[in-house]
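Participant:
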């Protein structure tokens, strides 16, 4: 049984992909970002996918009494992989030219995870907050949504067939229960584990199930709505809900959550009530919208890497002409990809073996490049290797100076033996706990201090409350209690603004400065509670806040910085809010009887003076120290009276 083509759904796809592209382009009118909720376009895709995939599965079962998994996945392969792999292959040389070694490794890993449809897990585990400035430079971050959909395609057919075979009478009830459970999980996760909530299928499944429910009801009833008044009125309500979310939502809302119901209801109203004779359906079925919808997959694939590579070279920054030209180029590429890659590979007359041969050729290129990159740690382009040497900061490791990022490793036999051996040799040790900024401290103390025995339990993006499965905090407390008699001092260092703002969110204003968002009291309380537990030994020193020039140290920026010898143009980028953060940290420390060292007071930090010293860059990125910076700042830190060793 064939599915009747509905051009208005392609029109919906057009709205969705345009919203996503405008959102990622960060288009603004008088400093106000339009399509601030454009990311909702992905949620629209999820509902459409759930509707179409369930229609395919259910109609095949109803007409043939059976379902071919092989044919279903063959069609998925034809639909998804050819265009995706072509975009990846085209992206490789640009990554090789523009990315420094660490970024190139990250790029390669994200591609390999994308090939296994696990990039959503990769970006979640890496702690990438969607919408943050850093994520705009990740060319394949957008593949997280493909990974979510593919997992649904893999899991849903088997679950659906099982329910259909054994609980056919209750199929709608069971799926509706899944919808409620997934939405409830998203609502709870959104306030506790934002990144997990955003990227993972269990909290996204309800959006796909919404489309599935529509498909099942339609097929069971043999029709959609036939109420003329509702068919005319409710699609307009649906489009208003969608556009409301496009223009008035923003990436600081809890998402997905109950709030996401508005656009999901909007899409559902359009899918269910649209009929070809109605006005809105005619608009959605117009040639320009249908044409855009047909190339929407290619548009989605091309736009993010194009924006990412151009942003790496600072071409798109507040440049409307460059952004517009990029959108035109992306559109041309998408049209070519649709007609020369997508359509031929989806053509049933083209033998599947030929498609597989084409895909295998592309896969060999991609996997070879990514594997070699990871094996060589990104050290492929000699010029980029040199530039990276100016800012790199490898982790220090010596017999009794070592760091672990793995909480489970604290109870590992090798780790325990190393601690035991070093305790016999040196008795006491310095313990450093925190996020990636404490890794900077660990390197500084390991290179410069008189401490012979230093242990760091640190992991990037891990701050209280953190994830109990990913982060080290809770096991670090156990470690402290176990070795309390051998710990000389505990240094606690995390990204200070994260403690005091809404998980580090900032708003950039027209003058280039950043406005700190309201205080995040739960985060502050979690951190205070944690430091209080650490400070039971009365040996804990809080160090903060992090210093944040907010200059992206990519390939082009390093070259320009070294040429210019004049950094006054960047001085306004120093986050002035850190002064307020510092005041709050001092206040918190006094009130809770915690020793506090202010980096701002200690270093008397000035961007023009401290960002480049003797033609050497002191930072490795927007807020971490380079190898030279660890020496430069570390010497000043070790002059503090708390660290003087007789």
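Numbering (my numbering), first residue to last: 1025 to 1670. Just so you know, even glycine gets a beta-carbon here, dropped at the ideal spot from N, CA and C. From a predicted model like this one, the values you see are computed outputs, not experimental measurements.
(1) Okay, do the region 1319–1336 and the region 1104–1121 touch, 3+ Cβ pairs below 8 Å being the bar?
(2) Since residue 1623 and residue 1567 should fall inside the 8 Å C-beta cutoff, what is the C-beta to C-beta distance between them, to a whole number of angstroms?
(3) Do you know offhand how far residue 1476's Cα is from residue 1628's?
(4) Looking at residue 1470: is its Cβ nearer than 8 Å to the Cβ of residue 1425?
(5) For residue 1479, report the span of its beta strand (DSSP E) as first-last.
(6) Pull up the distance between the alpha-carbon of residue 1648 and that of residue 1402, whole angstroms please.
(7) Would you call the CB atoms of residue 1138 and residue 1171 closer than 8 Å?
(8) Taking contact to mean at least 3 C-beta pairs separated by less than 8 Å, is the region 1639–1646 in contact with the region 1412–1419?
(9) Just to check my reading of the structure: residue 1069 and residue 1040 have Cβ atoms closer than 8 Å, yes? What is that Cβ distance to the nearest angstrom?
(10) Quick one: what's got a C-beta closer than 6 Å to residue 1501's C-beta in the same chain, skipping five residues either side?
(11) In terms of DSSP beta bridges, what is residue 1057 paired with?
(12) Just how far apart, CA to CA, sit residue 1038 and residue 1336?
(13) Which full runs of the alpha helix (DSSP H) of 4+ residues lie inside the region 1401–1427, going along the chain?
(14) Can you list, in chain order, the residues of its chain whose CB lies under 8 Å from that of residue 1305, leaving out five sequence neighbours each side?
(15) Can you tell me the Cα-Cα spacing of residue 1127 and residue 1262, whole angstroms?
(16) From which residue to which residue does the alpha helix (DSSP H) around residue 1201 run?
(17) Report buried or exposed for residue 1663, applying the criterion of at least 16 other Cβ atoms within 10 angstroms of its Cβ.
(18) Suppose the cutoff is 6 Å on Cβ atoms and the five residues either side in sequence are ignored; what does the same chain contact list for residue 1316 look like?
(19) Compare the Cα-Cα distances from residue 1029 to each of 1054, 1620, 1079, 1046 and report the closest residue.
(20) What's the call for residue 1595, buried or exposed, on a 16-neighbour Cβ count within 10 Å?
(21) For residue 971, which three-state DSSP category applies?
(22) Helix, strand or coil for residue 1294, going by three-state DSSP, please let me know.
(23) So, helix, strand or coil for residue 1353, using DSSP?
(24) Which of the three DSSP states, helix, strand or coil, is assigned to residue 1518?
(25) Provide the residue(s) that pair with residue 1619 in DSSP beta bridges, ordered along the chain.
(26) Give the DSSP-derived three-state secondary structure of residue 1641 in the structure shown.
(27) Near residue 1374, which residues of its chain fall below 8 Å by C-beta distance, leaving aside the five closest residues on each side in sequence?
(28) What do you get for residue 1577, buried or exposed, if any count of 16 or more other CB atoms within 10 angstroms of its CB means buried?
(29) I'd like to know whether the C-beta atoms of residue 1654 and residue 1358 end up nearer to each other than 8 Å.
(30) Any idea what DSSP makes of residue 1114, helix, strand or coil?
(31) In chain order, what residues of the same chain have a beta carbon less than 7 Å from the beta carbon of residue 1133, not counting five sequence neighbours either side?
(32) To the nearest whole angstrom, what separates the beta carbons of residue 1151 and residue 1219, a pair I think is in contact under 8 Å?
(33) In terms of residues, what are the limits of the alpha helix (DSSP H) holding residue 1304?
(34) What do you get for residue 1520, buried or exposed, if any count of 16 or more other CB atoms within 10 angstroms of its CB means buried?
(35) Return the CA-CA distance between residue 1569 and residue 1460, expressed in angstroms with no decimal places.
(36) Looking only at DSSP bridge pairs, what is residue 1513 linked to?
Facilitator: Walking through what the data contain:
(1) Touching, yes, given that three or more Cβ pairs across the two stretches are closer than 8 Å.
(2) Along the chain shown, one-based indexing puts residue 1623 at 599. Along the chain shown, one-based indexing puts residue 1567 at 543. Yes, they are in contact, since the Cβ atoms of residue 1623 and residue 1567 sit about 7 Å apart, within 8 Å.
(3) The count along the chain shown starts at 1 and reaches residue 1476 at position 452. The count along the chain shown starts at 1 and reaches residue 1628 at position 604. Roughly 29 Å separates the two Cα atoms.
(4) Here residue 1470 corresponds to residue number 446 of the chain shown, with the count starting at 1. Here residue 1425 corresponds to residue number 401 of the chain shown, with the count starting at 1. If you check the CB distance, residue 1470 and residue 1425 come in under 8 Å.
(5) Numbered from its first residue, the chain shown carries residue 1479 at position 455. Looking at the DSSP string, the run of the beta strand (DSSP E) that includes residue 1479 is 1478–1482.
(6) Counting from one through the chain shown, the residue named residue 1648 turns up at place 624. Counting from one through the chain shown, the residue named residue 1402 turns up at place 378. Between the alpha carbons of residue 1648 and residue 1402 lies a gap of roughly 20 Å.
(7) Within the chain shown, residue 1138 is the residue found at index 114, counting from 1. Within the chain shown, residue 1171 is the residue found at index 147, counting from 1. In this structure, the beta-carbon distance from residue 1138 to residue 1171 falls below 8 Å.
(8) Flag = yes, the region 1639–1646 and the region 1412–1419 touch.
(9) Along the chain shown, read from residue 1 onward, the residue named residue 1069 stands at position 45. Along the chain shown, read from residue 1 onward, the residue named residue 1040 stands at position 16. In this structure residue 1069 is in contact with residue 1040, their Cβ atoms being roughly 6 Å apart against a cut-off of 8 Å.
(10) For this step, residue 1501 is matched to residue 477 along the chain shown. Listed in chain order, the non-local C-beta contacts of residue 1501 below 6 Å within the same chain comprise 1557, local neighbours out to five positions each way being set aside.
(11) For this step, residue 1057 is matched to residue 33 along the chain shown. Beta-bridge partners of residue 1057 (DSSP): 1052.
(12) In the chain shown, counting from the first residue as 1, residue 1038 sits at position 14. In the chain shown, counting from the first residue as 1, residue 1336 sits at position 312. Using only the alpha carbons, I get a separation of about 28 Å.
(13) 1406–1413, all fully within the region 1401–1427.
(14) As a working mapping, residue 1305 is identified with position 281 in the chain shown. Once the five neighbours on either side are set aside, the close Cβ partners of residue 1305 are 1032, 1259, 1298, 1299.
(15) Walking along the chain shown from the start, residue 1127 turns up at place 103. Walking along the chain shown from the start, residue 1262 turns up at place 238. Cα to Cα, residue 1127 sits roughly 41 Å from residue 1262.
(16) If you number the chain shown from 1, residue 1201 lands on position 177. 1195–1216 is the extent of the alpha helix (DSSP H) around residue 1201.
(17) The residue you call residue 1663 lines up with position 639 of the chain shown. When all chains shown are included, residue 1663 counts as exposed.
(18) Taking the chain shown and counting its residues from 1, one reaches residue 1316 at position 292. Only 1038 meet the Cβ criterion.
(19) As a working note, residue 1029 is residue 5 in the chain shown. The option with the nearest alpha carbon to residue 1029 is 1079.
(20) As a position in the chain shown, residue 1595 is number 571, starting the count at 1. In this prediction, residue 1595 has a pLDDT of 46, which is less than 50 and means its spatial position is unreliable; nothing more can be read from the coordinates.
(21) As displayed, the chain neither begins before 1025 nor continues past 1670, which places residue 971 out of reach and without an answer.
(22) Here residue 1294 refers to the residue found at position 270 when the chain shown is read from its first residue. Note: residue 1294 maps to helix in three-state DSSP.
(23) Residue numbering aside, residue 1353 sits at position 329 when the chain shown is read from its first letter. Residue state for residue 1353 is assigned as helix, using DSSP reduced to three classes.
(24) The count along the chain shown starts at 1 and reaches residue 1518 at position 494. Correct three-state label for residue 1518: coil.
(25) On the chain shown, residue 1619 is found 595 positions in, with the first residue counted as 1. Bridge partners of residue 1619: 1565.
(26) As a working mapping, residue 1641 is identified with position 617 in the chain shown. Strand, per DSSP.
(27) For the purposes of this step, residue 1374 is taken as residue 350 along the chain shown, with counting starting at 1. Answer for residue 1374: 1368, listed in chain order.
(28) Position 553 of the chain shown, counting from 1, holds the residue named residue 1577. Classification of residue 1577: buried, given that the 10 Å Cβ count is 16 or more.
(29) Working through the chain shown from its first residue, we reach residue 1654 at position 630. Working through the chain shown from its first residue, we reach residue 1358 at position 334. Between residue 1654 and residue 1358, the C-beta spacing is not below 8 Å.
(30) Residue numbering aside, residue 1114 sits at position 90 when the chain shown is read from its first letter. Residue state, collapsed to three classes: helix.
(31) Against the chain shown, residue 1133 aligns to sequence position 109. Contacts found: 1146, 1398.
(32) To locate residue 1151, count along the chain shown from 1; it is residue 127. To locate residue 1219, count along the chain shown from 1; it is residue 195. Contact between residue 1151 and residue 1219 holds, with the beta-carbon distance rounding to 6 Å and staying under 8 Å.
(33) The residue given as residue 1304 occupies position 280 in the chain shown. Segment 1303–1308, the alpha helix (DSSP H) holding residue 1304.
(34) Residue mapping note: residue 1520 aligns to position 496 of the chain shown, counting from 1. So residue 1520 counts as buried.
(35) Here residue 1569 refers to the residue found at position 545 of the chain shown. Here residue 1460 refers to the residue found at position 436 of the chain shown. Each residue's Cα considered, the two are about 13 Å apart.
(36) The sequence position of residue 1513 within the chain shown is 489, counting from 1. Listed as beta-bridge partners of residue 1513 by DSSP are 1454.
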